[in-house]
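S.K.: The numbering of the sequence shown is this note's numbering, which starts it at 89 and goes up by one. Note that beta-carbon positions come from the ideal geometry of N, C-alpha and C, so glycine has one too. Predicted model only: the values in this text are computed from it and were never measured. Got a structure here, written out as structure tokens. Questions coming.
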Amino acid sequence: NTIIMPCLSSFQIESCPKLKMLPYYLLQTTKLQELKIYLCHILEEWL
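This is the structure:
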């Protein structure tokens, strides 16, 4: 959560074919400026 990673500004997920969704808190962090998702087909459908 943001307490554990309060300065997270960039996050990349790649080649996680079984990943279905992102944790809610990841999308709520105020510092996150860049989110890249590659080759995560189930997750890409969810977004």
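Can you give me the start and stop residues for the beta strand (DSSP E) that residue 123 sits inside?
M.R.: Here the beta strand (DSSP E) through residue 123 covers 122 to 126.
S.K.: Let me see if you follow: with CB-CB separation under 7 Å, is residue 127 close to chain D or not?
M.R.: Given the protein chain composition of this structure (a single chain), no chain D is represented.
S.K.: Between which residues of its own chain and residue 130 is the CB-CB distance below 8 Å, once the five residues before and five after are set aside?
M.R.: Excluding positions up to five away in sequence, the list reads 105, 106, 107, 108.
S.K.: Between the Cα of residue 95 and the Cα atoms of 119, 110, 103, 114, which residue gives the shortest distance?
M.R.: Of the candidates 119, 110, 103, 114, the one whose C-alpha sits nearest the C-alpha of residue 95 is 119.
S.K.: On a CA-only basis, which of 111, 103, 93, 98 is nearest residue 128? Give me that one, please.
M.R.: Of the candidates 111, 103, 93, 98, the one whose C-alpha sits nearest the C-alpha of residue 128 is 103.
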